[in-house]
Amino acid sequence: MKQSSQKSTFFGGAATLAMGIIVVKLIGALYKIPLGRILGDVGFGHFNNAYSVFNLLLMVSTAGLPVAMSKTISEANALGRHNQVNRVFRVCLVTFIVLGSVTTAIMFFGAQPLANLQGDSMAAPAIRVMSLTAFFLCTVSAYRGFAQGHSDMVPTAVSQVIEAVAKLVVGLVLAWYLLRLGFGSEIAAAGAIGGVAAGSFVSLIYLILRHHRRNRPTHALSDDRPHSAGSILKSLLVIAVPITLSASVVPITTYIDTIQVQNLLQSALGYSEEMAVSLYGSYQKAVAIYNLPSSFMVSLTACIVPAVSAALTTKDHLGAGKVAESALRVGAMLAIPAGVGLAVLSGPVIQLLYPETNQEVASTCMRILGVASIFVCVMLLCNAILQANGRATLPIWFIAIGSALKLIVNFCLVQQPAVGIKGAPIGTLVCFSLVAVMELAAIKKVTPHPPKYRRVFVKPLAASLVMGGAVWAVYGLLAGRLGNTLSVAAAILVGVVVYGVLVILLRAVSKDDLSLMPKGDKIAKLLRIK
344 MKQSSQKSTF FGGAATLAMG IIVVKLIGAL YKIPLGRILG DVGFGHFNNA YSVFNLLLMV
404 STAGLPVAMS KTISEANALG RHNQVNRVFR VCLVTFIVLG SVTTAIMFFG AQPLANLQGD
464 SMAAPAIRVM SLTAFFLCTV SAYRGFAQGH SDMVPTAVSQ VIEAVAKLVV GLVLAWYLLR
524 LGFGSEIAAA GAIGGVAAGS FVSLIYLILR HHRRNRPTHA LSDDRPHSAG SILKSLLVIA
584 VPITLSASVV PITTYIDTIQ VQNLLQSALG YSEEMAVSLY GSYQKAVAIY NLPSSFMVSL
644 TACIVPAVSA ALTTKDHLGA GKVAESALRV GAMLAIPAGV GLAVLSGPVI QLLYPETNQE
704 VASTCMRILG VASIFVCVML LCNAILQANG RATLPIWFIA IGSALKLIVN FCLVQQPAVG
764 IKGAPIGTLV CFSLVAVMEL AAIKKVTPHP PKYRRVFVKP LAASLVMGGA VWAVYGLLAG
824 RLGNTLSVAA AILVGVVVYG VLVILLRAVS KDDLSLMPKG DKIAKLLRIK
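In this text, residue positions in the sequence shown follow my numbering: the first is 344, and each later residue adds one.
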């Protein structure tokens, strides 16, 4: 396949859907930043403890089945087997309702034991409210899977945006209002979770209405004989179980992390439960910012798989290698300066966004996590490249190894009085740097034309380090005169200008890289990049 064809594939329909996901993630960040200020460190700790339980149980319930469902429906639809499509949908809908009911029951009736296990007994109300979300989102997965099986990505994108906006509005208002009424931080955290439940409910209503409006029987069904419900369920599980196992590694590690860190702070360092949860809440505020750079990798990762796969299908290994290298280079150009900027401005950014939090803890965690975010972005891109080359199991093993190492580092550092909660981000940095290095080494070994890593990383790294020095100097010069807010804004503006100029002067980006992006050819012509 020719390079021009690959470029067209690279930013196709998947990129459009990915932009919707970026919007959702940015709304999520806008939700968590003011929410952290409303709830305070302790309340934010309760909120995130409930979320970690929910993420784990929901991932186990829904990670693989929607993919299996969309694949099965797509195949049946291509063969004109409308009866089979309808039966697959009904089987999946019933399965999701059962899974959602079980997950809801576990979270609702087991809320107190689950909260106690995490070392945060006051998180139980938030876990109970979150249990409703599990039922709604499990059911939502059935409708999204059906639409995706018909190559219709609009319902998924629209429902995710609806869900995020409702969560933002309802969650913030409820948390603020409950605190104003005089309730404690644990009830306010439950109110914030109520916004998540409301968002998932509104999303479900939209999907149900759209499904029944768009899928009314306007013609006689085909005369195909659908498979039995048991046979369909068995074939779905064959596809879904491996996907679920691979997708569950990170949420399982995150859940163990919340248990391990908060309990070590109490048992090894003698902190009270409230103090441990407060420190964990400060840490999570840094995590909320650290997650932002990876949001911008979504469009790249969504497009790598079809572009590389298409090239490999036509035996164009050189073209596949060029696409992978360009994707890595564009990703590095976004991730490295973002990570360096977060690390250099960690204290000022935390002070700007969360002035009431534990500044020393949150800023130190942010400094470490800023560096870690670079490796997370590289890992996400490498995952997509390995998957496109038929090596989807390798990232699972690498992430499992990195996650195990993270828990070991946590155990060794968190119980040290001089380190404490700061051991958690160090564990994160160790985990994802190891995973990224292992995946880069694997790509070098298993792909016929691997990327040239010197061309990918050296120039963006050099430009980012100079930019980081400029940002540090500008903030230091202005902070005493203009105050924190204006100094942060000025430092970021200078950083953007310095980095942009260096990228052009160093020729860190090529015309081929830019041509992979919308209007990239015009940008290359404007910047005189050949």
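Cβ atoms here follow ideal geometry from the backbone N, Cα and C, with glycine treated the same way. Please read all numbers here as calculations on a predicted model, not as lab measurements.
So, is residue i buried or exposed, given that buried needs 16 or more other C-beta atoms within 10 angstroms?
| i | result |
| --- | --- |
| Leu696 | buried |
| Asn753 | buried |
| Arg430 | buried |
| Asn726 | buried |
| Asn732 | buried |
| Gln759 | exposed |
| Val437 | exposed |
| Ile505 | buried |
| Pro791 | exposed |
| Ile381 | buried |
| Phe354 | Model confidence at Phe354 stands at a pLDDT of 44, short of 50, so the residue's coordinates are unreliable and nothing is read from them. |
| Glu594 | A small correction: the amino acid at residue 594 is Pro; Glu does not occupy that position in the sequence shown. So Pro594 counts as buried. |
| Ser413 | buried |
| Glu699 | exposed |
| Tyr818 | buried |
| Thr415 | buried |
| Asp566 | exposed |
| Tyr598 | buried |
| Asn459 | exposed |
| Lys658 | exposed |
| Val840 | exposed |
Which residue comes first and which comes last in the alpha helix (DSSP H) that contains residue i?
| i | result |
| --- | --- |
| Thr790 | First-last for Thr790: undefined, no H or E at that position. |
| Glu616 | Glu616 to Tyr633 |
| Ala448 | His425 to Phe452 |
| Met412 | Leu408 to Ala421 |
| Pro468 | Ala467 to Gly492 |
| Leu750 | Thr736 to Val757 |
| His570 | Unbroken run through His570: none, as it is neither H nor E. |
| Val839 | Asn827 to Leu848 |
| Gly527 | Note, Gly527: premise wrong, no alpha helix (DSSP H); not H, not E. |
| Lys795 | Segment: none, Lys795 is in no alpha helix (DSSP H) and carries neither H nor E. |
| Gln461 | No alpha helix (DSSP H) holds Gln461; DSSP gives it neither H nor E. |
| Tyr598 | Val592 to Ser610 |
| Leu661 | His660 to Val687 |
| Val504 | Val497 to Arg523 |
| Ala761 | From DSSP, Ala761 is part of no alpha helix (DSSP H); its letter is neither H nor E. |
Sorted by chain position, which residues of the same chain lie with C-beta nearer than 8 Å to residue i's C-beta, five sequence neighbours on each side aside?
| i | result |
| --- | --- |
| Ala705 | Ser625, Tyr626, Lys628, Ala629, Ile693 and Tyr697 |
| Lys749 | Thr596, Asp600, Gly770, Thr771, Val773 and Cys774 |
| Leu829 | Leu821 |
| Leu576 | Val434 and Thr438 |
| Ile744 | Leu777, Val778 and Met781 |
| Ala833 | Val817, Tyr818, Leu821 and Leu825 |
Just checking residue i against the ligand HEM - is the residue's beta carbon closer than 7 Å to any of the ligand's heavy atoms?
| i | result |
| --- | --- |
| Thr707 | This structure lacks the ligand HEM, and indeed carries no ligand of any kind. |
Note down, in chain order, each residue of its chain lying with its Cβ closer than 7 Å to the Cβ of residue i, except the 5 sequence neighbours on either side.
| i | result |
| --- | --- |
| Val385 | Ser528, Glu617, Val620, Ser621 and Gly624 |
| Leu369 | Ser638 |
| Ala563 | Its pLDDT being 47, under 50, Ala563 is placed unreliably by the model, and nothing is read from it. |
| Pro468 | Glu529, Ile530 and Ala533 |
| Leu804 | Ile679 |
| Leu547 | Phe479, Thr482 and Val483 |
Just to confirm my understanding: we take residue i, look at its own chain, exclude 5 residues before and 5 after, and list those with CB closer than 6 Å. What are they?
| i | result |
| --- | --- |
| Ala572 | Val434 |
| His554 | Tyr486 |
| Gly690 | Ser706 |
| Phe526 | none |
| Val683 | Ser807 and Gly811 |
| Ala303 | Examination of residue 303 is not possible in this model, given that the chain is present from 344 through 873 alone. |
As a quick exercise: from the options, pick the residue whose alpha carbon is nearest that of residue i.
| i | options | result |
| --- | --- | --- |
| Ala518 | Ala533, Ile440 and Ser830 | Ala533 |
| Val789 | Ile728, Ile632, Ala834 and Leu849 | Ile728 |
| Val801 | Thr447, Ser610, Leu457 and Val673 | Val673 |
| Thr771 | Leu808, Arg734, Val604 and Gly462 | Val604 |
| Tyr394 | Ala535, Ile679, Val846 and Leu588 | Ala535 |
| Ser716 | Val778, Ile847 and Lys795 | Val778 |
| Tyr614 | Ile847, Gly763, Ser464 and Thr597 | Gly763 |
| Ile632 | Leu608, Gly713, Ser574 and Val666 | Gly713 |
| Ser591 | Leu820, Val817 and Val396 | Val396 |
| Ala816 | Arg424, Val837, Ile847 and Glu782 | Val837 |
| Ile365 | Ala500, Ala490, Ala421 and Ile376 | Ala500 |
| Ile602 | Arg850, Ile376, Val846 and Asn391 | Asn391 |
| Val367 | Ile416, Leu511 and Lys765 | Leu511 |
| Gly407 | Tyr818, Gln427, Ile582 and Arg471 | Ile582 |
| Gly423 | Ser746, Asp463 and Pro569 | Pro569 |
| Ile551 | Gly488, Gly388 and Arg523 | Gly488 |
| Ile586 | Pro768, Pro794, Ala735 and Arg850 | Ala735 |
| Val844 | Val809, Gly823 and Glu418 | Val809 |
| Ile449 | Met465, Ser474 and Gln730 | Ser474 |
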